[in-house]
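My numbering puts the sequence shown at residues -4 to 199.
What follows is one structure encoded as structure tokens, with my remarks underneath.
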Amino acid sequence: PALPGLIAGAGAGQRREAGTRPSLARRSPRASRFGSFDWRAMAASIMISAVLASGATQWVMFNGAEDGLAAAVASGHRRSLLAASPIDIVSSDRHTVKPWLDARIGVSPPAPDLAQDGFALIGGRVEVMSGRPVPALVYRHREHLITLVAEPQQGGKTTQPDDLSSGGFSMVHWSDGAFSYWAISDMERPELDDFVARFRKAAV
-4 PALPGLIAGA
6 GAGQRREAGT
16 RPSLARRSPR
26 ASRFGSFDWR
36 AMAASIMISA
46 VLASGATQWV
56 MFNGAEDGLA
66 AAVASGHRRS
76 LLAASPIDIV
86 SSDRHTVKPW
96 LDARIGVSPP
106 APDLAQDGFA
116 LIGGRVEVMS
126 GRPVPALVYR
136 HREHLITLVA
146 EPQQGGKTTQ
156 PDDLSSGGFS
166 MVHWSDGAFS
176 YWAISDMERP
186 ELDDFVARFR
196 KAAV
């Protein structure tokens, strides 16, 4: 007499077991969709974001360093205007100015005398950029003085003149591969640009 109950119970168990299978089947599509998530696309997105962030950081660091150098050039030019003399070696002869700079810091830039163009070389001095001594030439244009700082480069790239300003002075920055130049003065911008163009032509 118990057999029908057992059989019935077994049948019910079978029905319950069978009834659980659809729920497992319903979970399978979700697991499948989760497993098909494109991890490669996510990894690529993370990598691109990292590259862009790195580039932005380098851009900020580069521009920050350039701003710091411009401020240092402006500070040096201002000190020279307040000093008893804006130059350490007084001479309009490049054959005097260049050897003087070479003897003190071991390097000197081209020093053409542009007096016939209205920009007379009057001498040079030693400036400090990023904690190291660098040569600086001084030119006169009427009542204005021009400081031309020449920071030595090793395997540097050539860049075109870039008009800047710092500390209330007009400034032009460019590179010729051997030196990174900073010309600064209280002259009007067109006059300083004219000086830079004539210096670059004569220094070739």
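Heads up, the beta-carbon is just placed ideally off N, CA and C, and yes, glycines get one too.
With H, G and I counted as helix, E and B as strand and the rest as coil, what does DSSP make of Glu186? helix
Euclidean distance between Cα positions of Ser75 and Ser165: 16 Å
Could you tell me which residues DSSP pairs with Phe114 in its beta bridges? Leu109
Quick check on DSSP: helix, strand or coil for Pro104? coil
What residue range is occupied by the uninterrupted beta strand (DSSP E) comprising Glu146? His139 to Pro147
Assuming Ser131 is part of the beta strand (DSSP E), what are its boundary residues? One point to set straight first is that residue 131 is Ala, not Ser, in the sequence displayed. Where Ala131 is concerned, the enclosing beta strand (DSSP E) stretches over Arg127 to His136.
Between Lys196 and the rest of its own chain, which residues show a CB-CB distance below 7 Å, the 5 nearest in sequence each way excluded? none
Would you mind working out which of Gly150, Asp181, Val144 and Pro81 sits nearest Thr64, comparing C-alpha positions? Sequence check: residue 64 is Leu here, not Thr. The residue with the shortest Cα to Cα distance from Leu64 is Val144.
Quick one: give me the first and last residue of the beta strand (DSSP E) that Ser87 is part of. Careful: Ser87 lies outside any beta strand (DSSP E) and carries neither H nor E.
Check the DSSP bridge columns for Val92 and list the partner residues they point to. Val92 pairs with nothing; no bridge assigned.
Taking C-alpha atoms, which residue in Ser86, Gln148, Ser170 and Thr153 lies nearest to Leu132? Ser86
Using the beta-carbon count (16 or more within 10 Å), is Leu187 buried or exposed? buried
Gly130 burial status per 10 Å Cβ neighbour count (16 or more: buried): A quick correction: the sequence has Pro, not Gly, at residue 130. By the neighbour-count rule (16 or more Cβ atoms within 10 Å), Pro130 is buried.
Quick one: grab the DSSP three-state call for Asp62. helix
Does the beta-carbon distance from Arg193 to Leu109 come in below 7 Å? yes
Tell me the DSSP bridge mates of Ser170? Thr154 and Ser175
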